[in-house]
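The numbering of the sequence shown is the UniProt record's numbering, which starts it at 1 and goes up by one.
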Amino acid sequence: MDFGWISKDPFIAHRMKSTEVHRDYLTGEELSRLALKRFPKKLALVRDIFLFSCYTGLSYADTIKLNVDDQVSDNGETWIQTHRVKNNNRVRVPLLPPAKLLLSHYKTHPRRPENKLFPNVTNQKANAYLKDIAKQLGITKHLTYHCARHTFATTVTLTNGIPIETVGQMLGHKSIRSTQHYARVTDTKVQNDMQQIKAKYSEHLWGLEDSINEL
């Protein structure tokens with residue numbers, strides 16, 4: 001067009017169709033089963049780092065690199081404060097009780113490198129062990145640390161009423177659009193939200209019953 005070769009954009013009338021990708025996340029029941037199951041030592045560390053990711057939204061790379069300086073106290077809360085490996089975006093997440101328990105457990109672990117919060121484990125080994133963990137739990141979903149981030153966004157936070165803007169900030173996202181790819185509005189979330197207005201509209205029943213014409 002700019003060079004005079006064609007007079008009209010041939011794609012102007014065509015829109016690219018995007019296909020929504022299904023992203024696995026653990027339900028509340030699956031997350032509880034994972035937390036309560038006892039695993040042999042070789043699987044326990046991978047399970048624990050995966051759980052920490054579920055409770056914080058941190059990726060595998062961000063979790064493994066955490067050091068003692070990334071754990072801070074502010075206003076009576078314990079936080080993880082770091083920058084993402086992927087894009088250097090700042091992340092600041094208040095720690096839930098299970099996440100704090102996991103950190104406490106590994107504080108004196110003999111394999112934990114000095115100043116690190118967790119012992120080292122390779123991504124390749126972690127992904128292989130996650131398959132074993134899923135099999136032992138009877139979970140057919142593809143467990144990855146990406147799945148853990150989706151679990152944090154959907155099951156841990158959004159389903160429990162945390163605003164999507166807050167979820168996005170904790171995930172280190174710059175836009176809500178990115179967060180929407182992670183967080184899914186579940187039926188439980190819809191039910192809980194509607195429950196909040198149920199009492200209000202129940203007041204309409206007495207007048208509505210009188211105004212409905214008899215059949």
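All C-beta atoms in this analysis are idealised placements derived from N, C-alpha and C, irrespective of residue type, glycine included. Computed from a prediction, not measured in an experiment: that's the story for all the values here.
Pull up the distance between the alpha-carbon of residue i and that of residue j, whole angstroms please.
i	j	result
TYR60	PRO40	21 Å
PHE50	GLN195	32 Å
SER73	ARG111	25 Å
THR144	ASP193	30 Å
MET170	ASP62	13 Å
GLN71	TRP79	6 Å
PHE152	LYS116	23 Å
ASN123	HIS146	12 Å
ARG25	VAL167	Note that residue 25 is Tyr in the sequence shown, not Arg. TYR25 and VAL167: Cα-Cα distance of roughly 15 Å.
residue 223	LYS174	Since the first residue of the chain shown is 1 and the last is 215, residue 223 is not available in this structure.
LYS131	LEU43	10 Å
GLU114	PRO97	24 Å
SER104	ASN87	28 Å
ARG184	GLN81	25 Å
Which of the three DSSP states, helix, strand or coil, is assigned to residue i?
i	result
ILE80	strand
SER202	helix
VAL185	coil
LYS116	strand
ARG47	helix
GLN195	helix
VAL85	coil
SER53	helix
ASP24	coil
VAL68	helix
ARG149	helix
PRO94	strand
SER59	coil
SER178	helix
Just to confirm before moving on: does the CB-CB distance between residue i and residue j stay below 7 Å?
i	j	result
GLY28	THR155	yes
TYR55	ALA126	no
PHE52	LEU95	no
GLY172	VAL85	no
VAL121	LEU45	yes
ARG47	ILE133	yes
PHE118	TYR129	no
THR179	ILE197	no
Less than 8 Å between the CB atoms is what I'm expecting for residue i and residue j, so what's the real figure, rounded?
i	j	result
ARG23	HIS109	Actually they are not in contact, since the Cβ atoms of ARG23 and HIS109 sit about 32 Å apart, beyond 8 Å.
ASN75	HIS83	With 8 Å as the limit, ASN75 and HIS83 do not qualify as a contact, their Cβ atoms being about 21 Å apart.
| query | Using 8 Å as the threshold, is the region 152–169 in touch with the region 186–201, meaning 3 or more CB pairs across them? | reply | Three or more Cβ pairs drawn from the region 152–169 and the region 186–201 lie within less than 8 Å of each other, which places the two stretches in contact.
| said: Three or more C-beta pairs under 8 Å: does that hold for the region 30–39 against the region 130–138? | reply: Segments in contact, yes.
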